[in-house]
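In the numbering used here, the protein residues as written are 1 to 436.
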């Protein structure tokens, strides 16, 4: 078969799949534009998953650990600032982590992964070192919020895209394992900060974190191997992807999900101290408990998603998170709050890791998966940027009133779940027997 014939056949297959005049069908074995000879396993493929795991340990882990920094800033270093103002540091870091994928994704598609990895990792290390010598709000904002966020954003999306390029049938599970780095980092970094800060001070506790990040980066750099393929000049953005209804609706759903998903992470420590009387130490570790439990969502539920379908799994997980967010309102005791932290962490982990594994199934051309993933996750970054500060503005720490933030979290996560359901129907139709 000629190259032109192959292109025509691939295009026709995609049109048949997306044309509303056809009956809903199972997802095709290979989306249009899939890279040839996808390994779907083997030593090299799983080595890339481990390398991506190390990079998300740095990027997502530092973001997930910000809840511990938020509590310290509120009570010590930046106590003159409001909780909402302090949360902007973590929100901007999260925004840049995801929005930078708009640039990093196309650069990855054009073969620039190594440059992104080196430049981004060094920027994260530099940002942590500068944070360690900061004592004013604007200094912490620029160092921890902007510089660390930009650096992590250089390799977060490309690392997940690289790992997903080695898998097809087990993509959700592989990307879920790679995304576990965020959870592990969210456990390790708060624990390091909490243990070292009283002993050696804020500055050196933060510098130790920076040195750990440097060591992890060097190991990841030695492992990562982008798949060889013919590269060509491409546009920075592929706005044509938004002509696909499933992709567009899915992107809106990601945005809404990220508006609410991190509110408990940012404020559960303050809630524990003011509503349940938890000690500052235990309040710190609630964030670590949530991150640790999210490992289940990123692995076990991701494994189930390869069988039930990632979109189906996202819909169910959104529903569970909505129920948990509203249940949070009634919590008054520490044991109940710990149970909430565990359950919410499980399903929030699913909602954070699965989109990166789902986008390839919605992308019309996997050779541009870096650009498509970057565009979608940039909307998630905007959601994260505005969500937590809105939550901070809705709570009243002086009167221990968290109701506004809790209701807001539950509502936006629920609407996000409806968006995932709409994307699923747009992609495969309403049949529940389709593993979409």
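Here a beta-carbon is modelled for each residue, glycine too, at the ideal position from N, C-alpha and C.
As assigned by DSSP and simplified to three states, the class of residue i
| i | result |
| --- | --- |
| residue 176 | helix |
| residue 396 | strand |
| residue 332 | coil |
| residue 141 | helix |
| residue 27 | Residue placement at residue 27 is poorly supported in this model, since its pLDDT is 40, which falls under 50; the coordinates still yield a value, given next. Three-state result, residue 27: coil. |
| residue 157 | helix |
| residue 276 | coil |
| residue 224 | coil |
| residue 306 | helix |
| residue 265 | helix |
| residue 372 | helix |
| residue 65 | coil |
| residue 168 | coil |
| residue 151 | helix |
| residue 248 | helix |
| residue 439 | Residue 439 lies beyond the residue range present for the chain, which begins at 1 and ends at 436; the question has no answer from this structure. |
| residue 430 | coil |
| residue 81 | coil |
| residue 39 | coil |
| residue 76 | helix |
| residue 422 | helix |
| residue 200 | helix |
| residue 193 | helix |
| residue 207 | helix |
| residue 363 | coil |
| residue 135 | coil |
One or two residues paired with residue i in a DSSP bridge
| i | result |
| --- | --- |
| residue 401 | 396 |
The ligand MN heavy atom lying under 8 angstroms from the CB of residue i
| i | result |
| --- | --- |
| residue 265 | The ligand MN is absent from the structure shown, which contains no ligand whatsoever. |
Other residues of its chain near residue i: CB distance less than 8 angstroms, five sequence neighbours each side excluded
| i | result |
| --- | --- |
| residue 289 | 338, 341, 342, 345 |
| residue 196 | 204, 205, 208 |
| residue 251 | 242, 375, 376, 379 |
| residue 281 | 194 |
| residue 408 | 260, 263, 390, 391, 394 |
| residue 333 | 276 |
| residue 285 | 190, 191, 194 |
Cut-off 6 angstroms between Cβ atoms - residues of its own chain near residue i, not counting five sequence neighbours on either side
| i | result |
| --- | --- |
| residue 245 | 426 |
| residue 363 | 369, 372 |
| residue 99 | 378, 381 |
| residue 271 | 402 |
| residue 176 | 298, 299, 302, 353 |
| residue 153 | 96, 97, 100 |
| residue 1 | Any reading at residue 1 must be qualified, since the residue scores a pLDDT of 43, below 50, and its modelled position is unreliable; the value itself is stated next. So no residue of the chain qualifies. |
Beta-carbon proximity of residue i to residue j, cut-off 9 angstroms
| i | j | result |
| --- | --- | --- |
| residue 96 | residue 140 | no |
| residue 58 | residue 181 | yes |
| residue 104 | residue 90 | no |
| residue 262 | residue 384 | yes |
| residue 302 | residue 185 | no |
| residue 391 | residue 266 | yes |
| residue 260 | residue 326 | no |
| residue 381 | residue 395 | no |
| residue 375 | residue 102 | yes |
| residue 164 | residue 423 | no |
| residue 63 | residue 117 | no |
| residue 179 | residue 349 | yes |
| residue 449 | residue 67 | Absent from the structure is residue 449, since the part of the chain shown begins at 1 and ends at 436. |
| residue 45 | residue 217 | no |
| residue 283 | residue 269 | yes |
| residue 274 | residue 400 | yes |
| residue 257 | residue 412 | yes |
| residue 227 | residue 324 | no |
| residue 214 | residue 115 | no |
| residue 94 | residue 294 | no |
Residues near residue i by beta carbon distance below 7 angstroms, same chain, minus five either side
| i | result |
| --- | --- |
| residue 191 | 288 |
| residue 127 | 143, 144, 147, 148, 151 |
| residue 421 | 315 |
| residue 255 | 379, 380, 382, 383 |
| residue 86 | 70, 73, 74, 78 |
| residue 129 | 207, 210 |
| residue 48 | 162, 163, 166, 224, 225 |
Would the stretch 210-225 count as touching the stretch 78-90 if we require 3 or more Cβ pairs under 8 angstroms? no
Does the count of Cβ pairs from the stretch 410-429 and the stretch 308-326 closer than 8 angstroms reach three? yes
With a threshold of 8 angstroms, are at least 3 pairs of Cβ atoms found where one atom belongs to the stretch 154-161 and the other to the stretch 100-111? yes
The stretch 219-226 touching the stretch 352-371, judged by at least three CB pairs closer than 8 angstroms: no
Does the contact criterion of 3 or more C-beta pairs under 8 angstroms hold for the stretch 238-258 versus the stretch 132-148? No: the two stretches stay apart, fewer than three of their Cβ pairs being nearer than 8 angstroms.
With a cut-off of 8 angstroms, do at least 3 Cβ pairs link the stretch 39-59 to the stretch 168-175? yes
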